[in-house]
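Enquirer: Here you go, one structure.
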Amino acid sequence: MSLAQKYSQEIQAIFAKYPPEQKRSAIMSLLYLAQREEGYISQEAMKEIADMLEISVTEVAGVAGFYTLFHRQKEGKYRIQVCTDLPCALRGADSFLQELAQALGVRPGETTPDGRFTLEEVMCVGACHRAPVFQVQHGDTITFHENMSLEEALAVLKKLE
Ligand code: FES
């Protein structure tokens, strides 16, 4: 079932917030809706959003691809997103990521075989002076974890299980 069929009232409410000539501004809300439905932004959802906004699929993909909170593939139940941007790298984020990857038995970008964790490398999440830092994304919730050691990070993940 399409987003428009399943969420017609919600979509109407989203579009009501914008003048018709600026309806493309609804893109973030529509992407959020699509991800809430499937856990990621599928090609079909991008096509539907593009049609609703009368823009190209490439434009929708460009926005979806820009934000680390939008996902293009179905992944693990929990997304472990480690910031490795420059300020965090200066505080050891790269080696933290590698240690965490080794402990989980995956490489960055991969999902653990049990489907629980996807380890991702992301750009600044706004906690530069408290690196190593990662966020855990699960459905609609995000939790931040700062000044992490490997042991502390594994304890956080264990609590999720
Ligand atoms: S650079 Fe990592 S949180 Fe800002």
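Going by our numbering, the residue at position 6 of the sequence shown is -3; the numbering climbs one at a time, nothing skipped. Think of the CB as a built atom: it goes at the ideal place given N, C-alpha and C, for glycine as much as any other residue. All values reported here derive from a predicted model rather than from experimental measurement.
(1) So, are the CB atoms of Val51 and Ala41 less than 7 Å apart?
(2) Between Val48 and Cys74, which are expected to be in contact by the criterion C-beta below 8 Å, what is the C-beta distance as a whole number of angstroms?
(3) What do you reckon, is the C-beta of Ala118 under 6 Å from a heavy atom of ligand 1?
(4) Look at the Cβ atom of Tyr23, then the Cβ atom of Lys65, and state whether they are nearer than 7 Å.
(5) For Glu45, is the classification buried or exposed, using 16 other Cβ atoms within 10 angstroms of its Cβ as the cut-off for buried?
(6) Mind reading off the beta-carbon distance from Ala94 to Leu145? Whole number of angstroms is fine, and I expect it under 8 Å.
(7) Counting beta carbon pairs with one atom in the stretch 103 to 113 and one in the stretch 132 to 144, are three or more of them shorter than 8 Å?
(8) What is the DSSP secondary structure of Ile133, reduced to helix, strand or coil?
(9) Since Ile5 and Leu21 are thought to touch, with beta carbons under 8 Å apart, how far apart are those beta carbons, to the nearest angstrom?
(10) Can you give me the C-alpha to C-alpha distance between Glu101 and Glu35, rounded to a whole angstrom?
(11) Smallest Cα separation from Asn138: which of Phe61, Lys68, Val127, His120?
(12) Report the option in Ala84, Glu12, Lys68 whose CA atom is closest to the CA atom of Ile133.
(13) Where does Leu110 fall in DSSP's three states?
(14) Excluding the five sequence neighbours on either side, which residues of its own chain have a C-beta within less than 7 Å of the C-beta of Lys14, listed in chain order?
Expert: A quick look at the data gives this:
(1) yes
(2) About 29 Å; that fails the 8 Å criterion.
(3) Answer for Ala118: yes, Cβ within range of ligand 1.
(4) no
(5) exposed
(6) 6 Å
(7) no
(8) In the structure shown, Ile133 sits in a strand (DSSP, three-state: E or B).
(9) 7 Å
(10) 24 Å
(11) The shortest CA-to-CA distance from Asn138 to any of Phe61, Lys68, Val127, His120 is the one to His120.
(12) Lys68
(13) strand
(14) Once the five neighbours on either side are set aside, the close Cβ partners of Lys14 are Phe6, Leu44.
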